[in-house]
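Numbering of the sequence shown is given in the UniProt record's numbering, commencing with residue 1 and proceeding in unit increments.
Cβ atoms here follow ideal geometry from the backbone N, Cα and C, with glycine treated the same way.
Each remark here refers to the structure printed beneath this line.
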Amino acid sequence: MPIGGGTFTVQNKILPGAYINFVSMGTNAKMGSRGVAALPLELNWGPDDKVFTMTATDFNATSLKVFGYDPTDANILLVREALKRAKSLLIYRVNGGGTKASATVGGMTVTAKYGGTHGNDIMVAVITNVDDATKVDVVTYLDGVVMDSQTVAKSGGAASLVANDFVTFGTAATLTAATATALTGGTNAAVNAAKHTAALNAFEVESFNVIGYPGTNTDVKALYGAFVKRLRDDEGRKIVGVLYDYDGDNMGLINVKNGVILANGTTLTGDKAVAWVTGASAGAEVNESLTNTAYDDAVDVDIKYTKSQFEAAIKAGEFTFYADNGKARVLTDINSLVTIGQNMSSDWTSNRVVRVMDGWANDVARIFGESYIGLVTNSDTGRQLFKADLVALANQYQSIDAISNFKSDDITVNQGDGKRDVAVDCALQPNDSMEKLYMTVVVN
């Protein structure tokens, strides 16, 4: 057996032997996941000045703790609508930063955990313990329901009270018995463009697929439209925005035209239906279309249109719902793009096509960033490694019918103009879903 052996960086070994490098081909190519939506919401309770997350799986169990309401409560309707389809929802409370409700109970100051009007629905009682008269039970109620109870000594016991999900406790030398006392003074902060700007700044550093604005303010809609365009065009982050009655004329912006009526009689106007469209668009995979999808738990639409009005809406890039035998369905899954520019086609008006190409762009950027930037030499070998990953990624897209007719020759990877540059040419054929049937029947 030769004495030499091992691996090599350059071909400069002295001893005879086999020097072998092992390189994996295409092992880094994995499709990214979808399902993350983002919404700025007006809530009566919750964290201030920060993005927080609620998942669809945790919503029922943690709704009361996080939002202060049962998951079926009308105060968190838009959270519920978004999570009907989204896997997780990023939330920024645009009316956060208000005054925290408070009260003096049993000689100590009790303060709501968050600012907001829902803090006024909290009550705290200090009750002499039935088993030990030297102790008291400090009980926290929300909407009349016990949320927390702690037993401490009357003398000096206030210091051992632990803040719960709803209030914090001040100090008191001695706790005295007190009937349930309501906290007061809780307010929501005013909602304005500055609040939405703060929300967008907070969302920008998070990862999500689709962001929506469930409101009607024209100036605020323009803020979100500009935000989406900037992230798509300048930052290379292929997110999508959902707005109501907003002529964005952009494949990254969905323009919702009407709303729905839920089975419980609640009417969601077009601006509020943005929440469901945001969640549904985020939750849709790259090989899925929302065309003809039934809005969950909806039985009708709020505004009905004629056939000619629907045709006009499609031409105008408007996302509409139509009534169908006790259901509300998406007419066609389109975005607001109406001006077809150079190097584009009408296919770009389809949200499924956009999901495919946005997914591809995001996946390629992620793979390049995680596995190649600063790590792999820009040589023929390095570029072939990168191509192998891209081919593997494209094959994954093709395996789920997101694209068709792909061949490895459809991707070329060459050195760019500079030593650190890589130039990729890629030809992909995105698939779309069936929508129109043209049939000729010959009757004999």
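Once DSSP output is grouped into helix, strand and coil, what is the label at residue i?
{"i": "S371", "result": "helix"}
{"i": "T140", "result": "strand"}
{"i": "Y224", "result": "helix"}
{"i": "G119", "result": "helix"}
{"i": "F166", "result": "coil"}
{"i": "L161", "result": "coil"}
{"i": "R237", "result": "coil"}
{"i": "D219", "result": "helix"}
{"i": "L337", "result": "coil"}
{"i": "L231", "result": "helix"}
{"i": "M108", "result": "strand"}
{"i": "G26", "result": "For G26, the pLDDT reaches just 48, beneath the cut-off of 50, and the residue's location in the model is therefore unreliable, although a value from the coordinates is still provided. Of the three classes helix, strand and coil, the one that applies to G26 here is coil, per DSSP."}
{"i": "Q150", "result": "strand"}
{"i": "T174", "result": "strand"}
{"i": "S133", "result": "The residue you asked about is not Ser; residue 133 is Ala in the sequence shown. Residue state, collapsed to three classes: coil."}
{"i": "T128", "result": "strand"}
{"i": "Y322", "result": "strand"}
{"i": "K113", "result": "strand"}
{"i": "L243", "result": "strand"}
{"i": "K100", "result": "strand"}
{"i": "G212", "result": "strand"}
{"i": "N12", "result": "coil"}
Could you check the C-alpha separation between residue i and residue j for me, to the nearest Å?
{"i": "D148", "j": "V242", "result": "40 Å"}
{"i": "G26", "j": "Q396", "result": "Any answer about G26 is weak, because its pLDDT of 48 lies below 50 and its placement is not dependable; what the coordinates show is given next. If I take the Cα positions, the gap works out to 11 Å."}
{"i": "A163", "j": "V124", "result": "12 Å"}
{"i": "V105", "j": "D132", "result": "20 Å"}
{"i": "V205", "j": "R237", "result": "11 Å"}
{"i": "D409", "j": "N362", "result": "21 Å"}
{"i": "N95", "j": "L268", "result": "21 Å"}
{"i": "N255", "j": "Q384", "result": "42 Å"}
{"i": "Q309", "j": "I239", "result": "29 Å"}
{"i": "V152", "j": "L161", "result": "7 Å"}
{"i": "N120", "j": "T187", "result": "9 Å"}
{"i": "Q398", "j": "L64", "result": "43 Å"}
{"i": "A226", "j": "G317", "result": "18 Å"}
{"i": "G107", "j": "T197", "result": "42 Å"}
{"i": "E235", "j": "S345", "result": "23 Å"}
{"i": "V441", "j": "D347", "result": "28 Å"}
{"i": "N258", "j": "K315", "result": "16 Å"}
Looking at C-alpha atoms only, which residue of the options is the closest neighbour of residue i?
{"i": "S33", "options": "V256, E285, S336", "result": "E285"}
{"i": "A199", "options": "A182, W276, V51", "result": "V51"}
{"i": "D297", "options": "K30, I411, K195, A82", "result": "A82"}
{"i": "P40", "options": "S379, G215, W276", "result": "G215"}
{"i": "S88", "options": "E42, F208, T197, P71", "result": "F208"}
{"i": "T140", "options": "T197, L390, A86, G68", "result": "G68"}
{"i": "G98", "options": "T117, K419, M108, L393", "result": "T117"}
{"i": "V356", "options": "V36, G416, S404", "result": "S404"}
{"i": "A388", "options": "F368, N129, A402, G374", "result": "F368"}
{"i": "N129", "options": "V110, A392, G157", "result": "G157"}
{"i": "T168", "options": "Y224, G115, I303", "result": "G115"}
{"i": "K195", "options": "G252, G279, Y92, R230", "result": "Y92"}
{"i": "A159", "options": "F203, V110, V191, N201", "result": "V110"}
{"i": "D233", "options": "K221, K419, D247, M251", "result": "M251"}
{"i": "D271", "options": "K13, G265, D302", "result": "D302"}
{"i": "A365", "options": "R80, K257, F386, D347", "result": "F386"}
{"i": "A74", "options": "I373, G265, I400", "result": "G265"}
Determine whether the beta carbon atoms of residue i and residue j lie at a separation below 8 Å.
{"i": "A101", "j": "G46", "result": "no"}
{"i": "T134", "j": "K113", "result": "no"}
{"i": "A328", "j": "Y305", "result": "no"}
{"i": "T143", "j": "I127", "result": "The question names Thr, yet the displayed sequence has Asp at residue 143. No, the pair does not count as a contact, with Cβ atoms beyond the cut-off."}
{"i": "S281", "j": "V210", "result": "yes"}
{"i": "S350", "j": "D249", "result": "no"}
{"i": "A103", "j": "A173", "result": "no"}
{"i": "V260", "j": "A275", "result": "no"}
{"i": "V277", "j": "G212", "result": "yes"}
{"i": "Q415", "j": "V422", "result": "yes"}
{"i": "L78", "j": "T53", "result": "no"}
{"i": "V353", "j": "P430", "result": "yes"}
{"i": "R85", "j": "G326", "result": "no"}
{"i": "A38", "j": "L390", "result": "no"}
{"i": "T320", "j": "A312", "result": "no"}
{"i": "L253", "j": "Y246", "result": "yes"}
{"i": "I411", "j": "A392", "result": "no"}
{"i": "I400", "j": "N217", "result": "no"}
Checklist entry - Where in the UniProt domain "Tail sheath protein C-terminal" (345-443) do unbroken runs of the alpha helix (DSSP H), each at least 4 residues long, occur, reported from the N-terminal end onward? => result 351-371, 380-399
Next on the checklist: Please give me, in chain order, every unbroken run of the alpha helix (DSSP H) with length at least 4 that falls completely inside the segment 245-317.
Outcome noted: 270-283, 307-315
Checklist entry - Mind pulling the alpha helix (DSSP H) runs of 4 or more residues that sit fully within the segment 178-208? => result Listed in chain order, the complete alpha helix (DSSP H) runs (minimum 4 residues) inside the segment 178-208 are 193-204.
Item to check | Every unbroken alpha helix (DSSP H) inside the UniProt domain "Tail sheath protein Gp18-like" (34-94) [4 residues or more] | outcome: As far as the UniProt domain "Tail sheath protein Gp18-like" (34-94) is concerned, its whole alpha helix (DSSP H) runs of at least 4 residues are 59-67, 77-82.
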